[in-house]
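Student:
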Amino acid sequence: MSKLTNDMSVNKPLGLIIKFAIPLMLGNLFQQGYLIIDSIIVGRSIGSNALAAIGAIDWLNWMFVGIITGLTSGFGISFSKAFGSKNINKLKNKVINSIIISIIFGIMLVIISQIFALPLLKLLNTPIEIIYISLEYVRYIFFGLFIVMLYNLSASLLRAVGNSKAPLISLVISSCINILLDIFFIIILKLGIKGAAIATIISQSFSLLYCILVLRKIEELKFNKEDFKIDKNISIKLLKIALPLSIMNLSIGIGGISVQSVVNTFGLVFVTGITITNKLYYLFEIAGNTLGLSVATFVAQNHGAKLNNRVFEGFKSTLIFSNIISLFISIFMIIFGKDIIRLFIDSNASNLNEIVSVAYDYLFIMMIFLNVLYSIHIVRSTLQGLGNTIVPLYASILELIVRIAFIFTLPKLLSTSGVYYTEIAAWIASLSFLSYGLYNSFKLLKLE
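The opening residue of the sequence shown carries number 160 in the working numbering; numbering runs sequentially from there.
Structure representation (structure tokens):
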């Protein structure tokens, strides 16, 4: 077996999962770190309106990227099972077909996103003061969706064969380049919000390039001419796992857009406060997200190798560990949250205290329920690792229904607090449904 791969069907489950998760976690920390630095540079160099303009399209961007990550994560599950069963020819066939599908989807997403960018911003009730700033930013960012698609496919393949170090290094490279380019384009060249978008696209290209260079060195992924063939049946099987995950993220994204459309009606101060908390949200979600990615790879490899007892053990130990981590993060953010929030805003801003108040109120409620979010990642990823992408899809539809129902009712009863509790209600509904689905999946697994 190549030194660039990792068989997760031997040794203690939790140790393997944590060891696999650490590089992913560090990579995501670098990525979110540069996003936060990017926001600080934008907020302090261009102004709070520019920061609000980026925040106003957070969910819109998440939706399109979510479609991509859903698709490539589904492919990754298929790759993991083939690798776990030691069927390298099958793995190669799946990789070739997934590349073709990804190229087609990537081109389609770029075209669709460009056509509907302005109508979607209007649908979001984006404040008139920032709508065209948001449009300028989002048009550039959406041109990079094709690169995002190919990067996520490459990273999913690396994770599937047990390599979480290469995605880490690629994100470190990307993050460092992005920060340097932000300084160059925004502060030196004064390109404004356009400079932030261009810096992001260029840095993503370097991530993709690095992953491709690593993949070319993996023995199990050395392709011959005979491997380059399109197989309709393999493509259909890949899409059966991947499409539900894309639709799942699309549903979550639509729910988020519904929330954002209401958030945008409360004015720029509220939008800016929510934007800051959402930036921090992506940061404190990292541990749960990466543990989820790790447990999905672990479960898929061990299920492919028919080692079901290891599946149960890996899930249980990771769930407990993730909840302990979430507790420490919650305590830290509740204590130091206000100080961190102030970093995003010019200390001379006239509305500083109002923005900090909005951001911290939202942050505090999220921290109280952070263990729910972390449990969602572990339960959902375990289901996906078992090849069950239908239950997570239904859970995302339930999230969508709850978000829409609550966001258009709670703010009328609780004012802005209704926005905060809408997110929590969606989490609780999703976890309840996912837990029931996993309970039934485990019952079937015991019969195998």
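Built from N, CA and C at the ideal position, the CB exists for glycine as well.
Where does ALA551 fall in DSSP's three states?
Tutor: One-based indexing of the sequence shown puts residue 551 at position 392. In the sequence as presented, Ala is not what sits at residue 551; that position holds Pro. Three-state DSSP puts PRO551 in a helix.
Student: Answer yes if the stretch 266-273 comes into contact with the stretch 344-361, meaning at least three C-beta pairs across the two stretches below 8 Å, and no otherwise.
Tutor: At 8 Å Cβ cutoff, the stretches do not touch.
Student: Mapping DSSP to helix, strand and coil, what is ALA508?
Tutor: As a working mapping, residue 508 is identified with position 349 in the sequence shown. Three-state result, ALA508: coil.
Student: Output yes or no for whether 8 Å exceeds the beta carbon distance between ALA356 and TYR296.
Tutor: Along the sequence shown, one-based indexing puts residue 356 at 197. Along the sequence shown, one-based indexing puts residue 296 at 137. Yes, the pair counts as a contact, with Cβ atoms nearer than the cut-off.
Student: Nearest to PHE565 by alpha carbon, out of TYR580, SER555, ALA554, ILE556?
Tutor: As a working note, residue 565 is residue 406 in the sequence shown. Here the closest residue by C-alpha is TYR580.
Student: Quick check on the DSSP output: the alpha helix (DSSP H) that includes SER244 runs from which residue to which?
Tutor: Position 85 of the sequence shown holds residue 244. Counting along the chain, SER244 falls outside any alpha helix (DSSP H), and DSSP gives it neither H nor E.
Student: Report the residue from LEU372, LEU593, PHE471 whose alpha carbon sits nearest the alpha carbon of ASN547.
Tutor: As a first step, residue 547 is located in the sequence shown; it is residue number 388 there, counting from the start. Ranking LEU372, LEU593, PHE471 by Cα distance to ASN547 puts LEU593 first.
Student: Our contact map puts ASN448 next to SER485 with C-beta atoms below 8 Å; I'd like the distance itself, whole angstroms only.
Tutor: Here residue 448 corresponds to residue number 289 of the sequence shown, with the count starting at 1. Here residue 485 corresponds to residue number 326 of the sequence shown, with the count starting at 1. Actually they are not in contact, since the Cβ atoms of ASN448 and SER485 sit about 12 Å apart, beyond 8 Å.
Student: Can you tell me whether THR541 is buried or exposed? The criterion is at least 16 other CB atoms within 10 Å of its CB, across all chains shown.
Tutor: Position 382 of the sequence shown, counting from 1, holds the residue named residue 541. So THR541 counts as buried.
Student: Within a Cβ cutoff of 7 Å, which residues of the same chain sit near ASN587, ignoring the five residues on either side of it in sequence?
Tutor: If you number the sequence shown from 1, residue 587 lands on position 428. Position check: residue 587 holds Ile in this sequence, whereas Asn was assumed. Cβ neighbours of ILE587 beyond the five flanking positions: VAL531.
Student: ILE377 by DSSP, collapsed to three states: which one?
Tutor: As a position in the sequence shown, residue 377 is number 218, starting the count at 1. Of the three classes helix, strand and coil, the one that applies to ILE377 here is coil, per DSSP.
Student: Using a Cβ-Cβ distance under 8 Å, would LEU210 count as near chain D?
Tutor: Any reference to chain D falls outside this structure, which holds one protein chain only.
Student: Could you tell me whether the stretch 224-243 touches the stretch 405-423, using the rule of 3 or more Cβ pairs below 8 Å?
Tutor: At 8 Å Cβ cutoff, the stretches touch.
Student: For the putative contact between PHE503 and GLY214, defined by C-beta atoms under 8 Å, what is the C-beta separation to the nearest angstrom?
Tutor: Along the sequence shown, read from residue 1 onward, the residue named residue 503 stands at position 344. Along the sequence shown, read from residue 1 onward, the residue named residue 214 stands at position 55. Incorrect: roughly 10 Å between the Cβ atoms, too far for contact.
Student: In angstroms, rounded to a whole number, what distance separates the CA positions of LYS253 and SER261?
Tutor: Here residue 253 refers to the residue found at position 94 when the sequence shown is read from its first residue. Here residue 261 refers to the residue found at position 102 when the sequence shown is read from its first residue. In a straight line, the C-alpha of LYS253 is about 12 Å away from that of SER261.
Student: Can you tell me whether ALA464 is helix, strand or coil according to DSSP?
Tutor: Against the sequence shown, residue 464 aligns to sequence position 305. Looking at ALA464 - three-state DSSP - the assignment turns out to be coil, as it is neither helix nor strand.
Student: Excluding the 5 residues preceding and the 5 following SER186 in the sequence, name in chain order all residues of the same chain whose CB lies nearer than 6 Å to its CB.
Tutor: Working through the sequence shown from its first residue, we reach residue 186 at position 27. What sits at residue 186 in the sequence shown is Gly, not Ser. Cβ within range, chain order: PRO326, LEU327, LEU330.
Student: Helix or strand or just coil, what does DSSP make of PRO570?
Tutor: Along the sequence shown, read from residue 1 onward, the residue named residue 570 stands at position 411. Helix at PRO570.
Student: Taking only three categories from DSSP, how would you classify GLU288?
Tutor: On the sequence shown, residue 288 is found 129 positions in, with the first residue counted as 1. It is coil, neither helix nor strand.
Student: For a test of the three-state rule: what should DSSP assign to ILE638, helix, strand or coil?
Tutor: Not covered by the structure: residue 638. The range shown for the chain is 160 to 607.
Student: In its own chain, which residues sit with a C-beta less than 8 Å from the C-beta of TYR533, not counting the 5 before and 5 after it?
Tutor: As a position in the sequence shown, residue 533 is number 374, starting the count at 1. Here the set comprises ALA446, GLY447, LEU450, SER481, ASN482, ILE484, SER485.
Student: Look at LEU522 and THR436 and say whether their C-beta atoms are less than 8 Å apart.
Tutor: Against the sequence shown, residue 522 aligns to sequence position 363. Against the sequence shown, residue 436 aligns to sequence position 277. A contact, by the Cβ cut-off of 8 Å.
Student: Beta-carbon separation of ALA319 and PHE238 under 8 Å?
Tutor: On the sequence shown, residue 319 is found 160 positions in, with the first residue counted as 1. On the sequence shown, residue 238 is found 79 positions in, with the first residue counted as 1. Contact flag set, yes.
Student: Please classify SER323: does DSSP put it in a helix, a strand, or coil?
Tutor: Here the question's residue 323 lines up with position 164 in the sequence shown. Here SER323 sits in coil by DSSP.
Student: Is it true that the CB of GLY303 sits closer than 8 Å to the CB of GLN363?
Tutor: Working through the sequence shown from its first residue, we reach residue 363 at position 204. Working through the sequence shown from its first residue, we reach residue 303 at position 144. Result yes, Cβ atoms of GLN363 and GLY303 sit closer than 8 Å.
Student: Under the rule that 16 or more other beta-carbon atoms within 10 Å means buried, what is THR477, buried or exposed?
Tutor: Locating residue 477 in the sequence shown gives position 318, where the first residue counts as 1. Buried is the call here.
Student: Report the CB separation of LEU312 from PHE234 in whole angstroms; it is logged as a contact under 8 Å.
Tutor: To locate residue 312, count along the sequence shown from 1; it is residue 153. To locate residue 234, count along the sequence shown from 1; it is residue 75. Right, the Cβ-Cβ distance comes to about 7 Å (below 8 Å), so this counts as a contact.
Student: Please determine, among ASP505, LEU569, ILE479, LEU545, the residue with the shortest C-alpha to C-alpha distance to VAL422.
Tutor: Walking along the sequence shown from the start, residue 422 turns up at place 263. Of the candidates ASP505, LEU569, ILE479, LEU545, the one whose C-alpha sits nearest the C-alpha of VAL422 is LEU569.
Student: Under 6 Å Cβ to Cβ from SER489, same chain only, skipping five residues before and after it: list those, please.
Tutor: Counted from its first residue, the sequence shown places residue 489 at position 330. For SER489, where only same-chain residues beyond five positions count, the Cβ hits under 6 Å are MET526, LEU529.
Student: Ends of the alpha helix (DSSP H) at ILE587?
Tutor: Here residue 587 corresponds to residue number 428 of the sequence shown, with the count starting at 1. Element bounds for ILE587: 576-606.
Student: Relative to the C-alpha of GLY293, which residue among ALA211, THR359, LYS324, LEU367 is closest?
Tutor: Within the sequence shown, the letter at position 134 stands for residue 293. Sequence check: residue 293 is Ser here, not Gly. It is ALA211 whose Cα lies nearest to the Cα of SER293.
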